[in-house]
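Novice:
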Amino acid sequence: MSIKTFVAFSSPLFNRNGRTLSKMEMLILYSPDIPCDESGQRMWWAFLIASLVTFFGGLFIILLGRTLRYIWSVCCECVMEQEPQHVSDPTEATDCPGEGKGEENVELTVDWTTSVKDWAGVMICAQNTTGRMLVVLVFILSIGGLIIYFINSSDPIESCPNFSTDYTLQVDMVFNIFFLLYFGLRFIAANDKLKFWLEVNSIVDFFTVPPIFVSMYLNRSWLGMRFLRALRLIQISEILQFLNVVKTRDSIKLVNLCSIFISTWLTGAGFIHLVENSGDPWKNFENSQSLSYGECLYLLMVTMSMVGYGDIYAKTDLGRIFMVFFILGGLAMFARYVPEIAAILLNRQKYGGTYNMTPGRKHIVVCGNINLESVSNFLKDFLHEDRDDVNVEIVFLHHIEPNLELEALLKRHFTQVVFFQGSVLNPYDLTRVKIELADACFIIANKYSSDPDAEDACNIMRVISIKNYNSNIRIITQMLQYHNKAHLLNIPSWNWREGDDAICLAELKLGFIAQSCLAQGLSTMLANLFSMRSSIQIEEEIWQKYYLEGVSQEMYTDYLSSSFMGLSFPEVCELCFVKLNLLLIAIEFKCDQRNANMMVNPGKNVKLQDKTLGIFIAGDAKEVKRASVYCKACHDNIQDPKLIKKCGCKRSEAESESILSSMKKQQNEGMRDSTYPFPQISRTPMNMMDDNMKKFDFTGMFHWCPPRDIEKAVLTRSEALMTVVSGHVVVCIFGDVNSAVMGLRNLVMPLRASNFHYHELKPIIFVGSLDYIRKEWDTLSNFPKVSILPGSPLSRANLRAVNINLCDMCVIISGNQNLEDDVSMQDKESILASLNIQSMQFEDTIGLFTNSHGKADRLQNSMCVIQDRRCGSSIPMITELVNDGNVQYLDQDDEDDPENELYLTQPFACGTAFAVSVLDSLMSATYFNDNILTLIRTLVTGGSTPELESLLAEENILRGGYSTPETLVKRDRCRVTQMTLCEGPFAELGEGGLYGDLFCKAIKMYNMLCFGIYRLLDMPRTTETECTKRFVITNPPYELELIPTDKVFCLMQFDSTGGQSYTTLTCRSMCSLHPFSLALSVLQTHIHTQTHTDTHTLAHTHMLFSSLTLFFLFLSHSAFLSLSFSLSVSVCVMPLMWC
């Protein structure tokens, strides 16, 4: 039964015993439901007064102290102003010894208090281990006090427990004593006492610590404001940061949002629980209702979310007033915090977290330009079925969340691909993907960036970040510009010997195009070799069948078995091709235990060592295994290469000793040969070099000339028209003064390699903006036979002026400014130039249909067919494309499906189109076999060495050098060329012979390694045909039948005799030429040689040459052939003597 109490001073009140209550007792409201003494008094006011007195008392003392201090300072200033200024006697200092002592005491006092204050500050700021432990302990005890509150919330608001038996009260007392000590420590460390007194943590202590001492004194317990301990949860973010549990921005933000939301929720529920279970004081607590703490939490949650079911609501006035203000703040907090928390949680669940390694499985990290195209190309090549079992997991790391298309692609490869959102510039993200345990890290560049230098700078920063995190990580990165490779050399931990590689797209792209100028179609063949392509079977006898059979060929490496030890390279090459159905193109020759050289078709002077690493062209990795298991004793009589398996035979002891002795001998010979693989070059006398005409750079790898001013290389249109030039290379450039540099030096260097003789160098004529070429001229001025025709490549007058119908190759290079919104428009200039040239007519000129390496090569192996180039479509041409899809516009006659991949289109198969996207496969090829990149660089760059790259990185200028035996010997390296079958020593094989017979004859007799065929599309049986389109056949089979019009790709040895010995290969072709052709070629070669440093002199000299040409052409069609030859020789001698 409840007794209602009413305070009325006009009438007496009685308790249950009938005793009259005093006036003081009338102010104390009570309830008989409280299980305390028989008086039924409530003492909640005592707990509240203790907290208020502590707060306001301390506040009053602080304000009083500040006031007194302010008054004292004002009084002191007034006294100082009133005292007269006088000069003190120095002796007075000795009269007051106490003053000095007092000042010293003051200084000591200040030092002591400052030390204590600093110590307290260090403790509460967690600047050392003890301080961090103290802060963590305070937080844990605060959570413990909150848990005790949760337990006691089921009891009445005010009760009379027994302190000696109530363990929760005892534990809470210990906690609050600790909080009191910590409060004193914080007070000492505080610089501003007033600000400290009004802090949230201080207010929490005021309303939680004093009541516990009152509770012990009164032997009563009041639940009161103990729910304020929930505000300590706001500090959980700081605690977790002290413990290094949370480090990232998202995790810290998530913890802050959650802690503020939960602490506000718990504190508000505690207040509602207090007022609703107590009632309003001005209503004698009559309107109270019994609510558990959980029901109060539920009430606030539905209130914040604006749902408000109405099943539970506040009945007290205090509760309703609180709910009004809580709705305003709680709704705003709920609407802001909950969506942010949900977004962070959903994001973390999707692409956050940490990578979990699979036992027994390696992983790689891929970063940089991560988009649908780059990821698709990378996965297509890296996870190709032709590779061995790829037990590698791919981890993509990018700062942007993948779009829906990329996400679908990743899901299709979910067993081997994982995506994480983050940046390699953040060490925490590198830890998440466990990059220190990764087998390699790939950095993909944006090939279509409008600012290549900025893109390279970003990738270099990624390399620096990764190497700074762990210097032992192998990095394979793409670079856009060649000159930016120098910055990688400045990274101390960059080490190419440990597998670090930089794939420069501009260097390789222009190198591929340059090699196509020497052997058209080679860019397509090389691109197909290092790319993984699936085999497509076609039964019909059409050109696609032969092309696709070659497309399925790739480069592999494996060790050669001991059966090949002691054999020369041509012997091993022939044995592998005939017996094992493998094409061996290069070996790794060990100079010593640590150093090894990559040697491409080294010739018969090199004998194989034991366990020599070979580079093969084959269909898959299983076929290459035959080279490592081949045994002459067991497999010599096996005809089917598929039956060659690993045998278990053992050689006799005598044979083993013979092999060991032979191996030692060959190792010694190999060490000598590795330095000078072809000793005959080192024995070439120095006087064979004309120092005035034949100079090389200081490495001996490239032809060199003194730097020229750009004005001396510029041709006007009239000068170009007077210049009869043929067998040259025309480079059409679309770029202006605002375009990024392309690195044209990478195009010129392979064409000026020193393994060509000077008279074999093809003249190069650039047609384009002079302002753009001027930007790169410093890198081109040291190369001979380079000219410039300013003007637009779309102008037919400019194209006729440079005799484009007589050129050996026309190269069309895109400016790659990437400023178009429509990707199909990025190649508009290149496509227009290509179609413009194809539609040109040349009815008034007659050209030589040649495939040359200079004038000597035309005389030696290409002048077997004389044909009128009356149509621009017959001009050898290669066009660079930025967008693969634009290849469909290059050839109007093909029947390519626009949906076909680039390698399946006719322009690419014919070698007339090239796109930088084909180089993406090099990253995967380099990872599985780092020798592939070395071989590609050797073939396409003309012999660029790390020594030369270091110099170009520092000076960016090619320096000349003396022709010493050490530099001249470097000329002795093979080069790629094309050999015709219509004439010469291989003519009989062109009439229905087999490719295998050609291969064996070429490697045996001439050390020429054949590796492909360039065949006409319709494959005619005669040489009289109008079709000029050819396609590439890579590594044809032995039984492929040859036709006379075929051109053969081969690796030819350097001819140290100046090109004379090689003439025997095509001496028969000379017989089909008119005599004046030889004279014209000799004259033109001499003119180019004498005037290569002065283009204006070259133009005037060619006026005489033009007249002679017309005269010879007239004589060639007359009946007096003998008179023609006599006149041609006599006229040629006169200008030679005059020059």
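In terms of our numbering, the sequence shown is residues 443 to 1581. For every residue, glycine included, the Cβ atom is placed at its ideal position computed from N, Cα and C. Computed from a predicted model, the values in this text were never measured in an experiment.
Assess, as a yes-or-no matter, whether the stretch 823-840 is touched by the stretch 928-937 under the definition of 3 or more beta carbon pairs within less than 8 angstroms.
Specialist: They do not touch, by the three-pair rule.
Novice: Quick check on this structure: which residue in Pro1083, Met1040 and Pro1235 has the alpha carbon closest to the alpha carbon of Gly1056?
Specialist: Of Pro1083, Met1040 and Pro1235, the residue nearest in Cα terms is Met1040.
Novice: Kindly give me the distance between the Cβ atoms of Leu1390 and Thr1221, rounded to whole angstroms, as I take these residues to be in contact under 8 angstroms.
Specialist: Contact flag wrong, Cβ pair sits at about 13 angstroms.
Novice: In this structure, how does DSSP classify Leu469 when only helix, strand and coil are distinguished?
Specialist: Interpretation of Leu469 is limited by its pLDDT of 38, a score under 50 that renders its predicted location unreliable; no figure is taken from the coordinates.
Novice: Which residues share a DSSP beta bridge with Pro1232?
Specialist: Gly1210, per the DSSP bridge assignment.
Novice: Are the CB atoms of Cys1252 and Val1172 within a distance shorter than 8 angstroms?
Specialist: Yes.
Novice: According to the neighbour-count rule (16 or more other Cβ atoms, all chains shown, within 10 Å of its Cβ), is Pro1669 buried or exposed?
Specialist: This structure does not reach residue 1669, given that the chain is present from 443 up to 1581, and the question cannot be answered.
Novice: Under a three-way DSSP split, which group does Ile702 fall into?
Specialist: Of the three classes helix, strand and coil, the one that applies to Ile702 here is helix, per DSSP.
Novice: What runs of the beta strand (DSSP E), each 3 residues or longer, lie entirely inside the stretch 982-1021?
Specialist: Whole beta strand (DSSP E) segments, 3+ residues: 996-1001.
Novice: Could you say which of Thr1470, Leu1189, Thr690 and Ala850 lies nearest to Cys1174 if we only look at CA atoms?
Specialist: Out of Thr1470, Leu1189, Thr690 and Ala850, Leu1189 has the C-alpha closest to the C-alpha of Cys1174.
Novice: Taking the continuous alpha helix (DSSP H) assigned at Arg1242, which residues delimit it?
Specialist: From DSSP, the alpha helix (DSSP H) with Arg1242 extends over Arg1238 to Ala1243.
Novice: Starting from the N-terminal side, write out each stretch of the alpha helix (DSSP H) that is 4 residues or longer and does not extend beyond the stretch 722-778.
Specialist: With a minimum length of 4 residues, the continuous alpha helix (DSSP H) runs that stay inside the stretch 722-778 are 735-746.
Novice: What number of angstroms, rounded off, separates the C-alpha of Met565 from the C-alpha of Phe625?
Specialist: For Met565 and Phe625, the distance between alpha carbons rounds to 12 angstroms.
Novice: Does the beta-carbon of Thr1165 have 16 or more other beta-carbons within 10 angstroms, so that it is buried, or is it exposed?
Specialist: That one is buried.
Novice: So, for Asp1213: in the same chain, excluding its five sequence neighbours on each side, which residues have a beta-carbon less than 8 angstroms away from its beta-carbon?
Specialist: Excluding residues within five positions, the ones whose Cβ falls inside 8 angstroms are Asp1178 and Val1179.
Novice: Which whole-angstrom value describes the C-beta separation of Lys1227 and Leu1203, a residue pair presumed to lie in contact below a C-beta threshold of 8 angstroms?
Specialist: Right, their Cβ atoms sit about 5 angstroms apart.
Novice: The beta strand (DSSP E) spanning Arg1457 covers which residue range?
Specialist: Element bounds for Arg1457: Leu1451 to Leu1458.
Novice: Applying the 10 Å Cβ sphere with the 16-neighbour rule, what's the burial state of Gln1122?
Specialist: Its pLDDT being 37, under 50, Gln1122 is placed unreliably in this model, and the value from its coordinates should be taken loosely. So Gln1122 ends up on the exposed side.
Novice: Please work out which residues of its chain come closer than 6 angstroms, Cβ to Cβ, to Thr571, disregarding the five sequence neighbours upstream and downstream, and give them in chain order.
Specialist: Nothing meets the Cβ criterion.
Novice: Around the Cβ of Phe767, are there at least 16 other Cβ atoms within 10 angstroms (buried) or fewer (exposed)?
Specialist: Per the 10 Å Cβ criterion, exposed.
Novice: Starting from Val651, trace the alpha helix (DSSP H) both ways and give me its first and last residue.
Specialist: Where Val651 is concerned, the enclosing alpha helix (DSSP H) stretches over Val651 to Leu660.
Novice: Confirm, please, whether the CB-CB distance from Tyr1072 to Ser1005 is below 8 angstroms.
Specialist: The answer is yes: Cβ separation under 8 angstroms.
Novice: What are the partner residues of Cys1313, as DSSP defines its beta bridges?
Specialist: The partner list for Cys1313 (beta bridge, DSSP) reads Gln1283.
Novice: Return helix, strand or coil for Met1319, following the three-state DSSP convention.
Specialist: If DSSP states are grouped into helix, strand and coil, Met1319 belongs with the strands.
Novice: Note the first and the last residue of the continuous beta strand (DSSP E) segment covering Arg1582.
Specialist: Examination of residue 1582 is not possible in this model, given that the chain is present from 443 through 1581 alone.
Novice: What does the Cβ neighbour count give for Arg671, buried or exposed, with the cut at 16 atoms within 10 Å?
Specialist: Buried, because 16 or more other Cβ atoms sit within 10 Å of the Cβ of Arg671.
Novice: Put Ala1429 into one of helix, strand or coil per three-state DSSP.
Specialist: If DSSP states are grouped into helix, strand and coil, Ala1429 belongs with the helices.
Novice: At the level of alpha carbons, what is the spacing between Ala928 and Arg1187?
Specialist: Approximately 15 angstroms between the Cα atoms of the pair.
Novice: Assuming Ile1246 contacts Ile1152 under a Cβ cut-off of 8 angstroms, what Cβ separation, rounded to an integer in Å, is found between them?
Specialist: Not quite, the Cβ-Cβ distance comes to about 22 angstroms (not below 8 angstroms), so this is no contact.
Novice: Please tell me whether, using a cut-off of 7 angstroms, the distance from the CB of Arg854 to the nearest non-hydrogen atom of the ligand FMN is below it.
Specialist: Summarising the ligand content, the structure contains no ligands, and the ligand FMN is consequently not present.
Novice: Rounding to the nearest angstrom, what Cα-Cα distance links Asn643 and Asn937 in this structure?
Specialist: Computed Cα separation, rounded: 55 angstroms.
Novice: Can you round the beta-carbon distance between Cys738 and Ile714 to whole angstroms, since I take them to be within the 8 angstroms contact cut?
Specialist: Confirmed, about 5 angstroms.
Novice: Do Ser1003 and Lys1049 have their C-beta atoms closer together than 8 angstroms?
Specialist: Cβ atoms of Ser1003 and Lys1049: not closer than 8 angstroms.
Novice: According to the neighbour-count rule (16 or more other Cβ atoms, all chains shown, within 10 Å of its Cβ), is Glu1161 buried or exposed?
Specialist: Buried.
Novice: What is the rounded straight-line gap between the Cα of Asp614 and the Cα of Ile769?
Specialist: In a straight line, the C-alpha of Asp614 is about 33 angstroms away from that of Ile769.
Novice: What whole-angstrom Cβ distance do Val1209 and Pro1192 have, given they're in contact under 8 angstroms?
Specialist: Actually they are not in contact, since the Cβ atoms of Val1209 and Pro1192 sit about 20 angstroms apart, beyond 8 angstroms.
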